[in-house]
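Chemist: Could you have a look at this structure, given as structure tokens, before my questions?
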Amino acid sequence: MSSTLTPQRAARTDVGPRGRRAARRERLAGRLATLGPGLGYLVVFLLVPLALVLSYTLFHRGRFGGIVYEASTDNFTRVADGLYLGVIWTSVKLAGLTTLLALLLGYPTAYLIARLPRRWRTVALVLVVLPFWTNFLIRTYAWIILLNSEGVINRTLTGIGAIDRPLELLYTPGAVVGGLLYAYLPLMVLPLYSAIERLDPQLREASANLGARPARTFWSVTLPLTLPGVLTGCVFVFVPSLGNFVVPELLGGGRTVMVGNLIRDQFLKARDWPFGSTLALVVIALLVLLLMAQAWATRRLAGGNRA
Amino acid sequence: MRRFSWLYVPAGLTYLFLYLPIVVLVVMSFNAAETPYRWDGFDTAWYGRLFDDRAVREGLINTLVVAAGATALSTVLGTLLAVGLARYTRSKLLDAIAVAPAVLPDIVLAIGLLAFYTAVQFTLGLHSILLAHTVFGTAFVAAVVRTRLAHIDGSLEEASRDLGATAVQTFVRITLPSLAPGIIAGALLAFSLSIDEFVIAFFTAGPQDPTLPIVIYSMVRFGVTPEINALATLLLAVSFTFVIAAQRLSRLTESL
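Protein sequence lines correspond, in order, to chains E and G. Residue numbering for the first sequence follows our numbering, starting at -12 and increasing by one per position. Residue numbering for the second sequence follows our numbering, starting at 3 and increasing by one per position.
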């Protein structure tokens, strides 16, 4: 590619203004043919729907459903109500706890996989991803069977005499966090693995040779260098956890309500689309803040490493 | 690993956590009892019950129709989009639009599409789910094909142009074949995501034709029966075969 005699260069030297105009026209045609269909589709089926949701936040529900197009900020004052703020706060807490647990389980797992011999590495990775490719509802259903008062865990525990009465495991916030963790743990392990795998082992050796104990090496070499992977994994787990309504419904039994449940109910039960849209906007705003924070932190880390 | 490492504890926990529910699910599908909580001996009756279940069968067919259509559409749109984004523009905004469906929480896309379909008075049915699934399918295909584009050598295309091939000929004869592994991987991803997708389908489905995830949802909500275990076991078997085959396939194409 570096040769100065590529036909491409030779061809470029003998094009006159007409050739250049033709080339420009061809470039425009290429751009339209490749970008046109996909972007056109996304404008109609993504941007227009999002704009619609955004505009609904200013209107309100009619007496028999539907939308009354009178602009006001009522929906936002309603979101600021203690009840809804409480649900949003619960969602952030549960999604945050899920992310933390995923990190605590996922980091050592990814670390171990990255240190396995190459042929075992693929097997170990596939085993992490495999449950992720099974139906999400069925994975959640499996936890109902495990956690039910007559479920496997309670039967085992009463069987070995560890407890005399079944524990109340299902329909608790803990069950919701467990279900979310089960659903999204692979999304934490994968980016962590690719970050750890890229890490130069010589850095760790150098640290050890300079007298650092393994813990010190981990905290001052390995962890800082893999932080971008940590941040990506956290975003991958936190984002889908925050908007989830299936897990809180099936494993929380309606007792643990998350913001996803509220949005679903506003759209499909109360038919108050403007208020549901406003709640969705709050979720989007939280996520945009999160992504901005992630981008900022990643940039800072990259800058710090170069210095 | 020469000696025991403390890493084995959390890593072991991870795998136990990931596979315990699956093992229980599969074992209980061969249970004679009426509930998946008690073991009454080995029986395959629940599988027979499952095959007789019309709702499940129709749901499966609906799911496959939607997934096939959405995959075909997203593969074309996503591949073109990937080439366009890599070759014809440096716009960050267009990049952002192309990945947005993959990043956005599904419920946001779901309510947006429901609002949109209602606003333009579009009837809901399999076609509305298909069009909805094409949104994220396109984003995922474009992302996968773009990573492939970054690895292929552009000089072949230049040579083709210099030897007198038109832009379209070059695209069809040179660019597409060299992108093929990426396109296949993207299509497989779009297909399996569509088959599994529940939230967007739930919001954009008509009252008549539920997809399999919607059928499963109503089964799970209605109550716990070993029939779901049997269905789960079959789906697990299918997706495990699928993942392992895809793994083999990618190793094959890598070695080519």
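Backbone N, C-alpha and C fix where the C-beta goes; we use that ideal spot for every residue, glycine too.
When the Cα atoms are used, what is the spatial distance from Ala247(G) to Leu20(G)?
Modeler: So the alpha carbons of these two residues sit roughly 21 Å apart.
Chemist: For a quick check, are the C-beta atoms of Pro36(E) and Gly208(G) less than 7 Å apart?
Modeler: In this structure, Gly208(G) does not lie closer than 7 Å to Pro36(E) by Cβ.
Chemist: Looking only at DSSP bridge pairs, what is Gly83(E) linked to?
Modeler: Partner(s): none; Gly83(E) has no beta bridge.
Chemist: Of all the alpha helix (DSSP H) runs that stay within the bounds of the stretch 19 to 105 of chain E, which reach a length of 4 or more residues?
Modeler: With a minimum length of 4 residues, the continuous alpha helix (DSSP H) runs that stay inside the stretch 19 to 105 of chain E are 35 to 43, 61 to 66, 69 to 102.
Chemist: Under a Cβ-count criterion, where at least 16 other Cβ atoms within 10 Å of its own Cβ denotes burial, should Gly93(E) be classed as buried or exposed?
Modeler: Buried.
Chemist: Can you name the start and end residues of the alpha helix (DSSP H) that Asp198(G) belongs to?
Modeler: Segment 178 to 198, the alpha helix (DSSP H) holding Asp198(G).
Chemist: Output needed in chain order: residues of the stretch 8 to 19 of chain E with a Cβ under 8 Å from some Cβ in chain G.
Modeler: Per Cβ criterion, the list reads Glu13, Arg14, Ala16, Gly17, Arg18.
Chemist: How many Å lie between Ala(-3)(E) and Ile176(G) at the Cα?
Modeler: Residue placement at Ala(-3)(E) is flagged as unreliable, the pLDDT there being 45, under the threshold of 50; the coordinate-derived value follows with that caveat. So the two alpha carbons sit approximately 21 Å from each other.
Chemist: Answer yes or no: does any C-beta atom of chain E fall closer than 7 Å to that of Ala13(G)?
Modeler: Ala13(G) counts as touching chain E.
Chemist: Which same chain residues end up closer than 6 Å to Thr143(G) when comparing Cβ atoms and leaving out the 5 residues on each side of it in sequence?
Modeler: The sequence given here places Val at residue 143(G); Thr does not occur at that position. Cβ neighbours of Val143(G) beyond the five flanking positions: Ser76, Thr77, Gly80, Gly188, Ala192.
Chemist: Residues in the same chain with beta-carbon distance under 8 Å from Ala70(G), minus the five sequence neighbours each way, listed in chain order, please.
Modeler: Phe193, listed in sequence order.
Chemist: By how many angstroms is the C-alpha of Asp187(E) removed from the C-alpha of Leu179(E)?
Modeler: Between Leu179(E) and Asp187(E), the C-alpha separation is close to 15 Å.
Chemist: Report the partner residues of Phe44(G) according to the DSSP bridge assignment.
Modeler: Paired residue(s): Asn33(G).
Chemist: When the distance is taken between beta carbons, is Thr121(E) closer than 7 Å to Ser196(G)?
Modeler: No, the pair does not count as a contact, with Cβ atoms beyond the cut-off.
Chemist: Determine the DSSP secondary structure at Tyr10(G), reduced to helix, strand or coil.
Modeler: Helix.
Chemist: Is Pro188(E) close to chain G, meaning its C-beta is less than 7 Å from at least one C-beta of that chain?
Modeler: No, no contact with chain G.
Chemist: Can you look up Pro153(E) in the DSSP assignment and give me helix, strand or coil?
Modeler: Coil at Pro153(E), not helix or strand.
Chemist: Is there a Cβ from chain G that is less than 7 Å from the Cβ of Trp120(E)?
Modeler: Chain G contact via Cβ: present.
Chemist: Return the residue from the list Asn196(E), Phe262(E), Val31(E) that minimises the CA-CA distance to Ala67(E).
Modeler: Of Asn196(E), Phe262(E), Val31(E), the residue nearest in Cα terms is Phe262(E).
Chemist: Pull out every residue of the stretch 254 to 283 of chain E whose Cβ sits closer than 8 Å to any Cβ of chain G, in chain order.
Modeler: The residues in question are Phe254, Leu255, Trp260, Gly263, Ser264, Ala267, Val270, Ile271, Leu274, Leu278.
Chemist: Answer with buried or exposed for Gln253(E), where buried requires no fewer than 16 other C-beta atoms within 10 angstroms of its C-beta.
Modeler: That one is buried.
Chemist: So, with DSSP's three-state summary, where would you put Arg92(G)?
Modeler: Arg92(G): coil per DSSP, three-state reduction.
Chemist: So does Val269(E) have its beta carbon nearer than 6 Å to some heavy atom of the ligand SAH?
Modeler: What this structure holds is no ligand at all, so the ligand SAH is not there to describe.
Chemist: Excluding the five sequence neighbours on either side, which residues of its own chain have a C-beta within less than 7 Å of the C-beta of Tyr43(E), listed in chain order?
Modeler: The answer, listed in chain order, is Ile54, Trp260, Pro261, Ser264.
Chemist: For a test of the three-state rule: what should DSSP assign to Met245(E), helix, strand or coil?
Modeler: Reduced to three states, the DSSP call for Met245(E) is coil.
Chemist: Decide if Ile75(E) is buried, meaning its Cβ has at least 16 other Cβ atoms within 10 Å, or exposed.
Modeler: The residue in question, Ile75(E), is buried, as its Cβ has 16 or more Cβ neighbours within 10 Å.
Chemist: Are Ala100(G) and Leu83(G) touching if we call contact CB-CB under 7 Å?
Modeler: In contact: Ala100(G) and Leu83(G) (Cβ atoms closer than 7 Å).
Chemist: So Ala129(E) contacts chain G; which residues on that side make the cut at Cβ distance below 8 Å?
Modeler: The answer, in chain order, is Pro23, Ile24, Val26, Leu27, Ala234.
Chemist: Let me make sure I understand the geometry here. Which of Ala117(G), Gly86(G), Ala152(G) has the alpha-carbon closest to that of Ala16(E)?
Modeler: Comparing Cα positions, the closest option is Gly86(G).
Chemist: Against chain E, with Cβ distances strictly below 7 Å, would Phe142(G) count as a contact?
Modeler: Not closer than 7 Å to any Cβ of chain E, the Cβ of Phe142(G) fails to qualify, so no.
Chemist: Give the DSSP-derived three-state secondary structure of Ile154(G) in the structure shown.
Modeler: Here Ile154(G) sits in coil by DSSP.
Chemist: Between the alpha carbons of Tyr71(E) and Leu88(E), how many angstroms are there, rounded?
Modeler: Going from the Cα of Tyr71(E) to the Cα of Leu88(E) covers about 26 Å.
Chemist: Can you tell which of Leu111(G), Thr172(G), Leu237(G), Asp164(G) has the C-alpha that lies nearest to the C-alpha of Val31(E)?
Modeler: Checked all of Leu111(G), Thr172(G), Leu237(G), Asp164(G); the closest Cα to Val31(E) is Leu111(G).
Chemist: Which residue comes first and which comes last in the alpha helix (DSSP H) that contains Gly160(E)?
Modeler: The amino acid at residue 160(E) is misidentified as Gly; the sequence shows Pro. Element bounds for Pro160(E): 160 to 185.
Chemist: Consider the Cβ of Pro215(E): report whether some Cβ of chain G lies at a distance smaller than 7 Å.
Modeler: Closer than 7 Å: no.
Chemist: Using the beta-carbon count (16 or more within 10 Å), is His47(E) buried or exposed?
Modeler: Under this definition His47(E) is a buried residue.
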